[in-house]
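Counting the sequence shown from 1 gives a position; this note's numbering is that position plus 194.
No residue lacks a Cβ here, since even glycine has one placed at the ideal position from N, Cα and C.
Notes to accompany the following structure.
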Amino acid sequence: MDELDDIIAKHRRYLDNRPGGRRADLRNRDLSGLDRPFLILRRALLTGANLAKANLPGADLSGSDLFCANLERANLTKANLEGSDLRGCRLRGAELRGANLADIDLRPGSLGGGGGEGKADLTDANLEGSVLRRAKMLYAVLKGAVLKQADMRGVALQHADLQGANLSLANLAGAKLDQSNLTAATLEHANLDQVSLQGAKLNSAVLIGARVDQRALRLAVGAAESLARSADLQHKLREHAMWVESFGARGKRLSLEGADLRGISLSGAKLSGVRMTKCELSKANFAGAELTLAVLTGSTLREANLTDCDLRGAILRDADLRDAILVRANIGSIMVRDSDGAPTGQLRHADLHGAQMQGANLKGAQFEERFD
Numbered sequence: 195m196d197e198l199d200d201i202i203a204k205h206r207r208y209l210d211n212r213p214g215g216r217r218a219d220l221r222n223r224d225l226s227g228l229d230r231p232f233l234i235l236r237r238a239l240l241t242g243a244n245l246a247k248a249n250l251p252g253a254d255l256s257g258s259d260l261f262c263a264n265l266e267r268a269n270l271t272k273a274n275l276e277g278s279d280l281r282g283c284r285l286r287g288a289e290l291r292g293a294n295l296a297d298i299d300l301r302p303g304s305l306g307g308g309g310g311e312g313k314a315d316l317t318d319a320n321l322e323g324s325v326l327r328r329a330k331m332l333y334a335v336l337k338g339a340v341l342k343q344a345d346m347r348g349v350a351l352q353h354a355d356l357q358g359a360n361l362s363l364a365n366l367a368g369a370k371l372d373q374s375n376l377t378a379a380t381l382e383h384a385n386l387d388q389v390s391l392q393g394a395k396l397n398s399a400v401l402i403g404a405r406v407d408q409r410a411l412r413l414a415v416g417a418a419e420s421l422a423r424s425a426d427l428q429h430k431l432r433e434h435a436m437w438v439e440s441f442g443a444r445g446k447r448l449s450l451e452g453a454d455l456r457g458i459s460l461s462g463a464k465l466s467g468v469r470m471t472k473c474e475l476s477k478a479n480f481a482g483a484e485l486t487l488a489v490l491t492g493s494t495l496r497e498a499n500l501t502d503c504d505l506r507g508a509i510l511r512d513a514d515l516r517d518a519i520l521v522r523a524n525i526g527s528i529m530v531r532d533s534d535g536a537p538t539g540q541l542r543h544a545d546l547h548g549a550q551m552q553g554a555n556l557k558g559a560q561f562e563e564r565f566d
């Protein structure tokens, strides 16, 4: 690391216009696993560098040349990459919460004289709360990425792959999404004012509470169906809340099978007794929700947030809870009540038979379940 320390020190002098300064040239260097929080390397040359699994929270890499760099699973929380060249960059699984990515270039790019250009890959990356204003992200792969509350005003995402991405509460005003793939993406309460969506795929997208430009939606594929589906789901959720509060006297129990609701936000919702079998609920947010006596048999809840969730008496047979967050969740038993709200004397235990829970965070979770 002595050589790297020397390069960094000379780069600081270069940035400060002091004698002995030299621009950092780390092209094609193997810096995987580098642990340097708050590193200052703005305007550095990092073309083709390997920064996989690097720990760089708060780092300043603004204006740097990161063309075709490898940043897979790197921690860039609250880092500054404004104006950087990230063409062809690999950012699969990277942590970019609160990062400044304004004016970055994430278009395709490749090293060498080979054929096609490599697409920037941000599959499963976490960009929650990040700033992506005016970013060039044409053809970028963002499948399963988290973009909740991201500032994406004026972003160029033509031909981008956003399948299953979570864009809840994101500000996409003026964004260009022509020919992009937003199949099964979550756009709850997102701002889609003045977006362009010509040829974009919105099949099975969740648009609950989204601010939408109706003229733009008419040019997208599957938008009408997704809007109707979202409105129908909102209605069903209201009916179910009435059903819960009235012990079944009013409203109607929510029953869904095989629905694709990945990334949906139902935090704090009253969902006791809900039936959601074989549903796709990966990365859904159920934090603080009431799911007592819920039937979630065979549903996929990978990476779902079930923090402080009440799951007493819930049926989770054969559910996929891998990497789910179940911090302080109550997964015990509950007394069944009749239509008048009186106890029946019947105790219902949570059922987790056949559930997959590898990698789940169970810190502080309460269990009374008996496993086979």
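Per DSSP, the bridge partner or partners of residue i
i: E451; result: T471
i: E484; result: K464, D504
i: N555; result: I519
i: L386; result: V406
i: D372; result: Bridge partners of D372: none, in fact.
i: G312; result: G303
i: L239; result: D219, D259
i: Q550; result: D514
i: K247; result: Its beta-bridge partners do not exist; DSSP assigns none.
i: N274; result: D254, N294
Host alpha helix (DSSP H) of residue i (start-end)
i: R284; result: R284 -> no alpha helix (DSSP H), and no H or E assigned at all.
i: I202; result: 196 to 209
Extent of the continuous beta strand (DSSP E) run through residue i
i: H543; result: 537 to 543
i: I298; result: Note, I298: premise wrong, no beta strand (DSSP E); not H, not E.
i: S527; result: 527 to 531
Local conformation of residue i per DSSP, three classes
i: Q560; result: strand
i: M436; result: helix
i: E289; result: strand
i: K464; result: strand
i: R230; result: coil
i: K446; result: coil
i: A350; result: strand
i: S420; result: helix
i: L510; result: coil
i: K430; result: helix
i: R212; result: coil
Beta-carbon proximity check, residue i vs residue j, cutoff 7 Å
i: V349; j: K313; result: no
i: S568; j: A378; result: One cannot answer for residue 568 here, as it falls past the ends of the chain, which runs 195 to 566.
i: L332; j: H353; result: yes
i: V438; j: R469; result: no
i: L265; j: L285; result: yes
i: C262; j: G242; result: yes
i: L270; j: L295; result: no
i: A369; j: A394; result: no
i: A549; j: L515; result: yes
i: N385; j: A367; result: yes
i: L396; j: A410; result: no
i: L245; j: L220; result: no
i: R602; j: G558; result: The chain is shown from 195 up to 566; residue 602 falls before or after that span and cannot be answered.
i: L235; j: A218; result: yes
i: R301; j: G287; result: no
i: G303; j: G277; result: no
i: V389; j: L371; result: yes
i: D315; j: D299; result: no
i: A248; j: L228; result: yes
Straight-line gap, residue i to residue j (C-alpha atoms, nearest Å)
i: K472; j: N222; result: 46 Å
i: G175; j: K464; result: In the structure displayed, the chain extends from 195 to 566; residue 175 sits before or after that span and is not available.
i: I509; j: C503; result: 14 Å
i: Q540; j: S527; result: 10 Å
i: I402; j: R230; result: 41 Å
i: N524; j: R496; result: 18 Å
i: R423; j: H429; result: 10 Å
i: K342; j: A364; result: 6 Å
i: L209; j: D387; result: 40 Å
i: R531; j: L450; result: 23 Å
i: R511; j: M551; result: 12 Å
i: A203; j: L275; result: 20 Å
i: G498; j: H205; result: Checking the displayed sequence, the identity of residue 498 turns out to be Ala instead of Gly. Each residue's alpha carbon lies about 42 Å from the other.
i: L198; j: G215; result: 14 Å
i: N555; j: S476; result: 15 Å
i: E474; j: H543; result: 24 Å
i: L305; j: R432; result: 53 Å
i: I519; j: T501; result: 6 Å
i: S374; j: K330; result: 13 Å
i: S459; j: E419; result: 20 Å
i: G553; j: D517; result: 4 Å
i: L290; j: R447; result: 39 Å
i: G442; j: M436; result: 8 Å
i: L381; j: L421; result: 11 Å
i: R347; j: L240; result: 28 Å
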